[in-house]
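Number of protein chains: 2
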Amino acid sequence: MQNFIFDNKTRIIFGKDYEQVVGQESVVFGKKLLLHYGGGSIKNSGLYDTVVNSLQEHGIEIYELGGVKPNPRVSLVREGVSLCKEHNIDFILAVGGGSVIDSAKAIAAGATYDGDVWDFFTGKSEVSTSLPIGVVLTIPAAGSESSAGTVITNEDGLYKRATGHLSLRPQFAILNPVLSYTLPAYQTACGITDMMAHILERYFTTEKNVELTDRLCEATLRTIISNAHTVLNEPTNYNARAEIMWSGTIAHNDLLNTGRIGDWASHDIEHEISGIYDIAHGAGLAIIFPAWMKYVYKHDINRFAQFANRVWDVEIDLNDLEKTALAGIKKMEQFFSSIGMPITLTEVEIGDEHFAEMAKKATERGTLGNFIKLQESDVYQIYQLAR
Amino acid sequence: MQNFIFDNKTRIIFGKDYEQVVGQESVVFGKKLLLHYGGGSIKNSGLYDTVVNSLQEHGIEIYELGGVKPNPRVSLVREGVSLCKEHNIDFILAVGGGSVIDSAKAIAAGATYDGDVWDFFTGKSEVSTSLPIGVVLTIPAAGSESSAGTVITNEDGLYKRATGHLSLRPQFAILNPVLSYTLPAYQTACGITDMMAHILERYFTTEKNVELTDRLCEATLRTIISNAHTVLNEPTNYNARAEIMWSGTIAHNDLLNTGRIGDWASHDIEHEISGIYDIAHGAGLAIIFPAWMKYVYKHDINRFAQFANRVWDVEIDLNDLEKTALAGIKKMEQFFSSIGMPITLTEVEIGDEHFAEMAKKATERGTLGNFIKLQESDVYQIYQLAR
């Protein structure tokens, strides 16, 4: 087990009706608040009114910035940064899913920085402080509600890049599973895939002695798998929605990373796809992860066999561990298909015309991943395996 | 799943040599520090010197209070409170195991309170603030390094009582598995039992829909069980010590409690024993937990069968779930015996002479537990089952 620091201060406020306490939780951080959100869905659902009422009851002055889109753009982030600087905003409240929260984090970092916020995503500068952030979560998927990271797309060149810092962990996250009832099946399935991918990125490590972390990963994966069809078939099943929502946070709050280094190549490989094609991040991951697995599993067949056995109930064939490992990957693909996810690029009508360009862009800052380090040519072959 | 708030701010600093950063982590909280510890073992091991040097390097003024004993006493806590008030202490550093940390927490609460600190343990008053606390852990067991609770014994009547508050969660906890190498086998086994008991108290709940939390509990229990014999046979096996140490924290940091109410009757029932007889808390739990289980399992045979199956690999007999449930309890008893724990009061030469008195004291503030609510007569019968 490797040395680690686990430092997660996000206060999780989980359950029915808790969006009503958002004012009380926010006012601790100041009276001037930037309310950040996406489109009209929170207005249609009544969530917007609930949040605004609660904030106003606590005497909070609200500045608004809506319009966050999936794969959130740096142009809107820059707009948010200007707003924060102009009005001396104290606190940013993100109401929405991962895109809104990531956008809010980038604004929070940019608001305390003199240069251009994109510097944090190119490596030109590093986040060291940020405005405090709070979250009312509507889409369980990204785990951004308790993570220290953010992913932003720069329209100029369609670069999708990540950065992170402890100060970007939200101060609180309000998680009411009821708010996810109206999420369409496809988005629900994308979220499920995304949270599973967050665990898989951490699970496939070269560190051998991480039994507790392995088992916690497996426990969370099994819970997601066990509840996936229920939330798709019964979108208003509270308990299943709750299991999925809490799993999505646990998947990405860094607990499942303790004692080892995760991989993260698949996310980087996928980012090039959703950077260009604007397909849902979860759908991209359902395509890329199996391809990545097929490309790398021989480097640690035991770990892939353990995954097959403990997560997918594949019986271990001691005389043919490769068969066991491959059966696990197959079961995962079948699962993704069963929840309506694509598992090939062909299914989403993406051809090979940008493979070379995407492989080049993905690796232009160095190799990808830690389980094995992928060069440009490896990434190209993984795109081919994903066809 | 029930609504919950999960708010755990303890910064976990886990791994080799991290005790050397204690000065840097402590100085954030002020320059006047109370160093709280037990007997001479930290002096013999050199840990005391390492800690003091690191604190002094950061210009911290150290006040000392050693002498904490197992089942920490309120008399020493009162001494610590006086020291803190007299010298305007900013921060309390506990170097040791659960007893030292619990004692430090009680001092931290008492130092900001005008009345007698025991008021917090009788229910006369409630903790609302406390001095900040840091921990260098030497004994993985109690989980106090990241919990919000403390248990103190009042010599006057031998009352052992608990209290808790979010402010009592340590600000940081330094966990170096190497510091537990010298722990004797018996104490190691007591620690293992204690952390397992912390999970079991949370696992046996009346809440039906807590799949993720159940699976995280099972994952942690399996990890402890899987590493227990290794740490006993190879006390300097880093990876096994690390799994046990990290499991001990996870067992009691409240993650495994999310979405439900735990039981905690067994702890209360045991407290009466170790309050009077001064036997190790872990050993008392190895005796009481199986007795409690045998007394209550019929109230939810499915849950006990799930426990038997998922934690102890007992095959589920759908035609005889009671047999499955009882086989799980049996396996747990066998496990406790195999690591050198007593599983009956007779083994530790405790007779029935105080059963009536202990059952009365245990229930004098009301019924015990939540899985089922135990009256005085139930507790008496559990002591009988534990003979």
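Chains A and B are the protein sequences, given in the same order. With this note's numbering applied, the first sequence has no gaps in its numbers, which climb one by one up to 387 at the end. With this note's numbering applied, the second sequence has no gaps in its numbers, which climb one by one up to 1387 at the end. Every residue, glycine too, gets a C-beta built ideally from N, C-alpha and C. Please read these numbers as outputs of a predicted model, since none were measured by experiment.
Inspect the beta-carbon positions of residue i and residue j and report whether they are closer than 8 Å.
i	j	result
B:I1192	B:L1221	no
B:A1111	B:K1085	yes
A:T10	A:A240	no
B:S1103	B:V1077	yes
A:A162	A:V151	yes
A:I269	A:I382	yes
A:F304	A:A280	no
A:K294	A:L232	no
A:G340	A:A242	no
A:M195	A:G143	yes
B:E1218	B:V1311	yes
A:L216	B:L1216	yes
A:V117	A:V68	no
With residue i as the anchor, note down where its beta strand (DSSP E) starts and where it stops.
i	result
B:A1251	Segment: none, B:A1251 is in no beta strand (DSSP E) and carries neither H nor E.
B:Y1018	Taken as a continuous stretch (DSSP letters only), B:Y1018 belongs to no beta strand (DSSP E), as it is neither H nor E.
B:V1135	1133-1137
A:K32	32-37
A:N154	149-154
A:V95	91-96
A:I174	172-175
B:G1269	According to the sequence as given, residue 1269 of chain B is Ile; it is not Gly. From DSSP, B:I1269 is part of no beta strand (DSSP E) but of the alpha helix (DSSP H) over 1265-1277.
A:I5	4-6
B:R1202	No beta strand (DSSP E) contains B:R1202, which is instead part of the alpha helix (DSSP H) from 1185-1203.
A:R161	159-164
Counting C-beta neighbours from all protein chains within 10 Å, is the total for residue i 16 or more, i.e. buried, or is it exposed?
i	result
B:K1298	exposed
B:G1080	buried
B:Q1024	exposed
B:H1252	buried
B:E1208	Before going on, a small fix: residue 1208 of chain B reads as Lys here, not Glu. That one is exposed.
A:D263	buried
A:L318	exposed
A:P184	exposed
A:G275	buried
B:A1228	buried
A:Q306	buried
B:D1313	exposed
A:G39	exposed
A:N3	exposed
A:E155	exposed
A:K105	buried
A:D320	exposed
B:E1322	exposed
B:K1043	exposed
For residue i and residue j, I'd like the C-alpha separation in whole angstroms.
i	j	result
A:N176	A:I301	40 Å
B:E1211	A:T223	6 Å
B:Q1020	B:S1054	6 Å
B:E1057	B:E1353	55 Å
A:S147	B:I1343	43 Å
B:A1088	B:V1027	According to the sequence provided, residue 1088 of chain B is Asn. The question's Ala does not apply to it. Cα to Cα, the separation comes out at about 15 Å.
A:N257	A:F371	14 Å
A:S99	B:A1265	45 Å
B:V1052	B:T1205	44 Å
B:E1364	B:F1120	17 Å
B:M1332	B:I1012	30 Å
B:T1153	A:S125	53 Å
B:I1316	B:N1309	6 Å
A:D278	A:H267	15 Å
A:Y113	A:S128	9 Å
A:Y180	B:D1017	Residue 180 of chain A is actually Ser in this sequence, not Tyr. Approximately 45 Å, taken between the alpha carbons.
A:Q187	B:D1214	27 Å
Span of the alpha helix (DSSP H) holding residue i?
i	result
B:L1065	Segment 1061-1065 is the beta strand (DSSP E) holding B:L1065; no alpha helix (DSSP H) there.
B:F1371	Unbroken run through B:F1371: none, as it is neither H nor E.
B:M1358	1355-1362
B:G1328	1321-1338
A:G284	281-296
B:I1301	1301-1312
Taking 7 Å as the line, does the beta carbon of residue i fall inside it for any heavy atom of the ligand SAM?
i	result
A:E211	Only the bare structure without any ligand can be found here, which leaves the ligand SAM out of the picture.
| said: With three or more C-beta pairs closer than 8 Å as the rule, is the segment 1334-1348 of chain B touching the segment 1360-1370 of chain B? | reply: no
| request: Determine, using beta-carbon pairs with one atom in the segment 1083-1101 of chain B and one in the segment 1116-1132 of chain B, whether at least three such pairs fall under 8 Å. | output: Output reads yes: the segment 1116-1132 of chain B touches the segment 1083-1101 of chain B.
| said: Any contact between the segment 59-79 of chain A and the segment 29-44 of chain A? By contact I mean 3 or more CB pairs, one from each, below 8 Å. | reply: yes
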